[in-house]
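Novice: Sharing a structure below in structure tokens format, with a few things to ask.
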Amino acid sequence: MSSPNLDAGQVAFIRAGVSISIASCAAGGVPQLVRGIGCRVADDGSSVTIFVPEAKSQAVQRDIFATGRIAVAFSRPTTHRTMQLKSSDARVTAVQPEDLAVVDAYRDAFVAEVGSLGFPEGMVRLLLACPPHEVVGLTFRPQEAFTQTPGPNAGKPLEAGA
Amino acid sequence: MSEVRLDTIRECFEGVIPAVLATADKDGVPNVSYLSQVQYMDREHIALSYQFFNKTRANILANPLARLMVINPANGAQYALVIRYLRTETSGSLFESMKARLAGIASHEGMSGVFHLLGSDIYRVLELQRVDRDCPPVPEAARNTLAALRVCSERLAACRDLERLFDETMACLDQKLGISHAMLLMHDAAAGNLYTVASRGYAASGVGSEIRMGQGVIGVAACQRTPVRISHMTAEYSYSRAIRQQYEGMPLDEEIPFPGLADARSQLAVPVIGCGNVLGVLYVESQQDLRFSYDDEDALVTLCGQLAMHMTILQNAEPEPEQAAAPEARRQAETAPLLVRHYAGNDSVFFGDDYLIKGVAGAVLWCLLKDHAAQGRTSFSNRELRLDPRIRLPDVSDNLEARLVLLARRLAERSPGVGIEKTGRGHFRLCVRQPLQLQEMAGA
Chain A
1078 MSSPNLDAGQ VAFIRAGVSI SIASCAAGGV PQLVRGIGCR VADDGSSVTI
1128 FVPEAKSQAV QRDIFATGRI AVAFSRPTTH RTMQLKSSDA RVTAVQPEDL
1178 AVVDAYRDAF VAEVGSLGFP EGMVRLLLAC PPHEVVGLTF RPQEAFTQTP
1228 GPNAGKPLEA GA
Chain B
2 MSEVRLDTIR ECFEGVIPAV LATADKDGVP NVSYLSQVQY MDREHIALSY
52 QFFNKTRANI LANPLARLMV INPANGAQYA LVIRYLRTET SGSLFESMKA
102 RLAGIASHEG MSGVFHLLGS DIYRVLELQR VDRDCPPVPE AARNTLAALR
152 VCSERLAACR DLERLFDETM ACLDQKLGIS HAMLLMHDAA AGNLYTVASR
202 GYAASGVGSE IRMGQGVIGV AACQRTPVRI SHMTAEYSYS RAIRQQYEGM
252 PLDEEIPFPG LADARSQLAV PVIGCGNVLG VLYVESQQDL RFSYDDEDAL
302 VTLCGQLAMH MTILQNAEPE PEQAAAPEAR RQAETAPLLV RHYAGNDSVF
352 FGDDYLIKGV AGAVLWCLLK DHAAQGRTSF SNRELRLDPR IRLPDVSDNL
402 EARLVLLARR LAERSPGVGI EKTGRGHFRL CVRQPLQLQE MAGA
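The listed protein sequences correspond, in order, to chains A and B. Residue numbering for the first sequence is 1078 to 1239, as defined by this note's numbering. Residue numbering for the second sequence is 2 to 445, as defined by this note's numbering.
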């Protein structure tokens, strides 16, 4: 499958302080969910790593080991702009020291994003809390990308500039 | 086994933080989406809003098992639910209630015209677990709603007439549940509308103002026999619009302004149902977002059950012996007569140029004034009004008591020259304090 070619604006969007949710599913199983706490993306969008807490992501990790399948939705709370990436070559990866700075920066950005909606910083930090040694990565090449911003185009393949 | 009970995490379903739903197609390809609305139904069921035909929709039709993640906005606690899709409802009480709530959410989120409810997807909750253990406790509640409800219930049970029952209901909401803007409307099945008999917290009482069945939160609550709770301001269900539509094509001088807040951000309308009939609607509102919770809704539904029972008992209670009428101040003979006109078409009554009342209450007033003019009568009983062919009361559940409360209040507010006073349950006195000139008009 070819890469959906994220444009620079889309790469910037998923790197920003947006809500990140990851789903997986084993054959015949119940879908699993975990909230992401940061994201590293290649400039051309060809590779994405989502950071998740080890303890809360074990079921997702098991599914990914078994299937390689992942779905990740990115949504900006203040605008509802939402996109979803899917892949079937996901794997669980170790975190590099420089990734922890990405996780810290994500927390600050998300606190600022939802702070404008009135959510207290302490609560948001707790929601994204994870000791540094428990951060793991879920790395994949996006194979499909969809817009999910509410409206008539929701669910359609992502187009450049969208 | 679930570790947490669904009815203890209802604050997660207020739409403050979007829920996240994971589904998979029949081959196990996952999909994840954000949801604007999750509705608590009972301890085993929730309903999700179906707004667009999308991948989520296709997936649950092919593979009904899904996982939902919700967050308590008060402390950030996350919960994961395993749910199984059962069916979709596209009409009826659940659907209408969710549609009204979604309109509030859409308006709050700047998504009016984008969020549209196509259906209520009903799911059974198979598992519910808390994801993290170290969240701070939820802040203490402003009050113990159940204890407050008990006091309200006792106070309603002590009321010996309908007028007192209505006022006590309003007072209880304010004093015990901290709800300072409220109104009570009675259902007029023949006219297809609801009329205000009591209110609290407004500059003008609005007694006698009307809402059509199906219109706005109050009308939808009555029509669908379901509580309707909106947590954010929405133009779609606001009164200004309901009132405007209601009076289109009607002479404006018959409009009694509705007392509602112009800037209500939270609204809750609860039908008053007794013996299977919609007797009326209790409506409360606030200028705060998210003012009314699931607990408040439970409290008001319970209170309305009590109210319905006491209304039914009091409407059918045996009359009490009539009390001796207090001596009335002598009428001022030198005052010019007040022209009172009655339009037979809709029984509307005007005092001078001012509209007073119409419908059954208008017909009652006109009969009282005619009997007073012809025979000098001042004492009347509910029983004789029920039998009076001029009034044309519906046979069953005539609501005569409620209409007399309405009439007494309109007179007290609008006409110092004429009033009615209770002289015991089932009896009242007409007080005419200035000369009247009665004029029967041909049409409405």
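In this text, a Cβ means the ideal position worked out from N, Cα and C, and glycines have one as well. Note that this is a predicted model, so its numbers are computed, not measured.
Please list, in chain order, the residues of the region 24-57 of chain B that have any C-beta partner in chain A closer than 7 Å.
Specialist: Against chain A - using a Cβ distance shorter than 7 Å - the residues of the region 24-57 of chain B are Thr24, Ala25, Gly29, Val30, Pro31, Asn32, Val33, Ser34, Tyr35, Phe53, Asn55, Lys56.
Novice: Compile a chain-ordered list of the residues in the region 1102-1127 of chain A whose CB is closer than 9 Å to at least one CB of chain B.
Specialist: Listed in sequence order: Cys1102, Ala1103, Ala1104, Gly1105, Gly1106, Val1107, Pro1108, Gln1109, Leu1110, Val1111, Arg1112.
Novice: Measure how close the beta-carbons of B/Ala25 and B/Asn64 come, nearest whole angstrom, since I'm counting them as under 8 Å.
Specialist: The pair is a contact, with the Cβ atoms about 6 Å apart (cut-off 8 Å).
Novice: Residues of chain A with CB closer than 7 Å to the CB of B/Cys136, please, in chain order.
Specialist: Going along chain A in sequence order, the residues near B/Cys136 (Cβ under 7 Å) are Leu1203.
Novice: So which residues on chain B does A/Pro1227 lean against when the C-beta distance must stay under 8 Å?
Specialist: Going along chain B in sequence order, the residues near A/Pro1227 (Cβ under 8 Å) are Ser37, Gln52, Phe53, Met112, Val115, Phe116.
Novice: For B/Ile180, collect the residues of the same chain with a Cβ closer than 6 Å to its Cβ; drop the 5 residues on either side in sequence, then sort them by chain order.
Specialist: Same-chain partners within the cutoff: Leu174, Val285.
Novice: Given this structure, state the Cα-to-Cα distance separating B/Gly250 from B/Asn347, to the nearest angstrom.
Specialist: The predicted position of B/Gly250 is uncertain, since its pLDDT is 47 and thus under 50; a value taken from the coordinates is nonetheless stated next. Rounded to the nearest angstrom, the two C-alpha atoms are 15 Å apart.
Novice: So, with DSSP's three-state summary, where would you put B/Arg266?
Specialist: DSSP places B/Arg266 in coil when its eight states are reduced to three.
Novice: Expressed to the nearest angstrom, what Euclidean distance is found between the alpha-carbon atoms of B/Gln247 and B/Pro137?
Specialist: Interpretation of B/Gln247 is limited by its pLDDT of 45, a score under 50 that renders its predicted location unreliable; no figure is taken from the coordinates.
Novice: Would you call the region 61-79 of chain B in contact with the region 11-25 of chain B, where contact means no fewer than 3 C-beta pairs closer than 8 Å?
Specialist: Short answer: they touch.
Novice: Under 8 Å, Cβ to Cβ, is there at least one residue of chain A near B/Gly275?
Specialist: So no, B/Gly275 is outside the interface.
Novice: With a threshold of 8 Å between beta-carbons, can B/Ile72 be considered close to chain A, or not?
Specialist: It does; some Cβ of chain A falls within 8 Å.
Novice: Kindly say whether A/Val1149, judged by its beta-carbon, lies nearer than 8 Å to any beta-carbon of chain B.
Specialist: Output row for A/Val1149: interface = yes.
Novice: Ordered along the chain, which non-local residues of its own chain (more than five positions away) have a Cβ less than 7 Å from that of B/Asp43?
Specialist: For B/Asp43, where only same-chain residues beyond five positions count, there are no Cβ hits under 7 Å.
Novice: Mind checking who A/Ala1239 pairs with in its DSSP beta bridge?
Specialist: Beta-bridge pairing links A/Ala1239 to no other residue.
Novice: What residues from chain B crowd round A/Gln1161, counting only those whose CB sits closer than 8 Å?
Specialist: Going along chain B in sequence order, the residues near A/Gln1161 (Cβ under 8 Å) are Asn32, Val33, Ser34.
Novice: Answer yes or no: do B/Gln40 and B/Phe116 have a C-beta to C-beta separation smaller than 8 Å?
Specialist: No. Outside cutoff.
Novice: If we ignore side chains and look at the alpha-carbon of each, how far apart do B/Ile231 and B/Leu269 end up?
Specialist: In a straight line, the C-alpha of B/Ile231 is about 6 Å away from that of B/Leu269.
Novice: For B/Arg201, go through chain A and note every residue whose CB falls closer than 7 Å to its CB, in chain order.
Specialist: The premise fails here: B/Arg201 is roughly 30 Å from chain A at the closest Cβ pair, so nothing lies under 7 Å.
Novice: How many angstroms separate the CA atom of A/Leu1235 from the CA atom of A/Phe1151?
Specialist: Cα to Cα, the separation comes out at about 13 Å.
Novice: Residues of chain B with a CB under 9 Å from the CB of A/Arg1139: which are they?
Specialist: Those do not exist, as A/Arg1139 stays about 13 Å from chain B at its closest Cβ, beyond 9 Å.
Novice: When the cut-off is 8 Å and only beta carbons count, does A/Ala1222 lie next to chain B?
Specialist: Chain B contact via Cβ: absent.
Novice: By alpha-carbon positions, which one of B/Ala403, B/Gly420, B/Asn383, B/Glu90 ends up nearest to B/Val433?
Specialist: Checking every option, the nearest Cα to that of B/Val433 belongs to B/Gly420.
Novice: Thinking just about the alpha-carbon of each residue, which of B/Ile61, B/Gly275, B/His109 is nearest to the one in B/Leu291?
Specialist: B/Leu291 has its Cα closest to that of B/His109, out of B/Ile61, B/Gly275, B/His109.
Novice: Closer than 7 Å by beta-carbon distance: list the chain B residues that pair up with A/Ser1152, in chain order.
Specialist: The answer, in chain order, is Tyr35.
Novice: For A/Arg1146, return the contacting residues in chain B, with the cut-off set at a CB-CB distance below 8 Å.
Specialist: Residues of chain B passing the Cβ test: Gly29, Val30, Pro31.
Novice: Quick one: which residues of the region 141-172 of chain B get their C-beta closer than 8 Å to a C-beta of chain A? List them in chain order.
Specialist: Result list empty, no residue passes.
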